[in-house]
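Residue numbers (our numbering): 4 to 457.
Here a beta-carbon is modelled for each residue, glycine too, at the ideal position from N, C-alpha and C.
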Amino acid sequence: MTDLRQYKGRTVHFIGIGGCSMSGLAVILKKLGLCPKGSDINESIFTKKLEKEGIPYKIGHSAENVNGAELVVYSAAIKPSNPEYVRAKELGLPMLQRSELLGLISRQFDNVICISGCHGKTTITSMTALILRENGIDLTVHVGGMVDFLGGGVAVGEFPAFLTEACEYVESFLELRPTYALVNNIDDDHLDYYRNIEEIYAAFLKFVSMVPDYGKLFLYAHDPLVMRLADESGRKYATYGFHDADYLAANVKYDDTGCPSFDVIHPAGTARISLPIVGKHNMANALAAITVCSEVFGIDPADAAGALKKYRLAGRRFEFVGEKNGVRIIHDYAHHPAEISACLEAASRYPHKKLWAVFQCNSYTRAKTLKDKYAQSFVNADMVLVPDIYPGRDIDTGEIHAKDLVAAISENTACEYIPTFEQISEYLDRNASPGDVVVTLGSGSVNKETLKLL
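#1: Suppose contacts are defined by Cβ-Cβ distances below 8 Å. Is residue 413 in contact with residue 383 by that definition?
#2: Using the beta-carbon count (16 or more within 10 Å), is residue 302 buried or exposed?
#3: Kindly indicate the opening and closing residues of the alpha helix (DSSP H) around residue 227.
#4: State whether the stretch 332-352 contacts the stretch 279-292, with contact taken as three or more CB pairs (one from each stretch) at a distance under 8 Å.
#5: In whole angstroms, what separates the C-alpha of residue 396 from that of residue 194?
#6: Taking residue 369 as part of the alpha helix (DSSP H), name the residues at either end of that continuous run.
#7: Under three-state DSSP, which class holds residue 331?
#8: Secondary structure at residue 338, three-state DSSP: helix, strand or coil?
#9: Could you pull out every residue in the same chain whose Cβ sits closer than 6 Å to the Cβ of residue 363, ignoring the five residues on either side in sequence?
#10: If residue 42 sits next to residue 101, beta carbons under 8 Å apart, how far is it from one beta carbon to the other, in whole angstroms?
#11: Out of curiosity, what's the CA-to-CA distance linking residue 276 and residue 226?
#12: Between residue 28 and residue 104, which are expected to be in contact by the criterion C-beta below 8 Å, what is the C-beta distance as a whole number of angstroms?
#13: Look up residue 39 in the DSSP assignment and give the residues it is bridged to.
#14: What three-state label does DSSP hand residue 197 in the structure shown?
#15: Assuming residue 405 and residue 386 make a contact with CB atoms under 8 Å, what is their CB distance in whole Å?
#16: Would you mind reading off the limits of the alpha helix (DSSP H) that contains residue 191?
#17: Assuming contact is defined by CB atoms lying nearer than 8 Å, are residue 186 and residue 243 in contact in what I supplied?
#18: Determine the closest residue to residue 132 out of 121, 250, 147 and 214, with distance taken between C-alpha atoms.
#19: Whose CA, out of 430, 428, 409 and 426, lies closest to the CA of residue 420?
#20: Taking residue 403 as the reference, which of 306, 374 and 429 has the closest Cα?
#21: Is residue 122 helix, strand or coil when you go by DSSP?
#22: Is residue 246 near the ligand FMN, going by C-beta to nearest heavy atom under 7 Å?
#23: Out of 422, 117, 274 and 425, state which residue places its alpha-carbon closest to the alpha-carbon of residue 167.
#24: Give the straight-line distance between the Cα atoms of residue 247 and residue 428, rounded to the nearest whole angstrom.
#25: Within its chain, find whatever has a CB closer than 6 Å to the CB of residue 56; leave out the 5 residues flanking it on each side and keep chain order.
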């Protein structure tokens, strides 16, 4: 299938419609004139958005839910044994994975701006969308997280361009057709799919090589693998960073809450930017968004300043969860060593007495392959608590245990193994003091488990 327009006015069934991306894609299809419906195992904040948009869905999976569909879309979490998947196959219905549908949607637009990288995609995409919106450019956006000003993970606009995250997992981004592509970093992630960093790099090279000659790349100047793309792709490019870049941050100052302000020195002049969020990595993310808006849409970086002052991180990004006995609880989606290091560097600038980190690794594969890097990632924390590994897509082979992570982390930072979040809550009740800050880290269900600390 190459054109969604053949399904205009026809029914599309989503298996697993309640997630951020799937629900957002359903909304986009409705705006394009298709008739989406779907099912999921639980209600969520995203199913409430579906109700608001008038998109029908059912809770629970059953073969009957597929009735009436002429096209079926399924997420990566759906197994071939799912009764709706089985029924769709029996009926011979055309079926698309989520990433394939996103690729088809991108083909509906003449200009597609793709935000890629192993870390930072959601923040950069949402920052870019906010700058554009505040400057009167109402384009269609697809973000991989809950964004308050969008009311979810998507917005459908009138401007003829599409802004989307481009995920490298299982080479999903190769389904897209980018006119412009930003690459924020290339790291040794998703090693349950890729064998090594060179395979990851090769996927990114394929991706940026799809950018046409009239398009452009936007590259983080301080990542050697990202800059290697500049040489090997042969595409036009602009860079952003903290020195030796087309768009660079200088004269950085921090307020008493750890939030930075800085000058953006760019080809046409200088602009002063203040961010209401912490972290050097978020300065880089803001530079990335400014670069895209300036290079693609001609927005003066000075005109981005007002939008960025209003910016609030997407859900699960340094998100304040609550306070108990004077101890502030924050959750962050960070799960890769580089993300954890960046998050805790930011947290170290946030007012606190003692900084606690609670880290649940979300994969046995990641724990095994990145153990030595995790050992270096917690140096800004005063104490680290590690519960049992969340299995995610993995099967426990007995090769790695949370205690092995504790042993590695303990080489540089005080660390203790505590099996469950209930036990961690009891431990913090005994040992944390008013003025302390606890940052829980991890993907999977860590955000829900964090509520047990309150």
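Inspection of the coordinates gives the following:
#1: no
#2: buried
#3: 227-236
#4: yes
#5: Their Cα atoms are separated by approximately 12 Å.
#6: Secondary structure note for residue 369: its alpha helix (DSSP H) is the uninterrupted segment 367-377.
#7: strand
#8: coil
#9: 390, 393, 445 and 449
#10: So it is not a contact: roughly 15 Å between Cβ atoms.
#11: 23 Å
#12: 6 Å
#13: 15
#14: coil
#15: Actually they do not touch by this definition, with Cβ atoms about 16 Å apart.
#16: Taken as a continuous stretch (DSSP letters only), residue 191 belongs to no alpha helix (DSSP H), as it is neither H nor E.
#17: no
#18: Between residue 132 and the set 121, 250, 147 and 214, the nearest pair of CA atoms involves 147.
#19: The candidate whose alpha carbon is nearest that of residue 420 is 409.
#20: Of the candidates 306, 374 and 429, the one whose C-alpha sits nearest the C-alpha of residue 403 is 374.
#21: coil
#22: By its list of ligands, the structure shown contains no ligand whatsoever, and the ligand FMN lies outside what it can speak to.
#23: 117
#24: 46 Å
#25: 30
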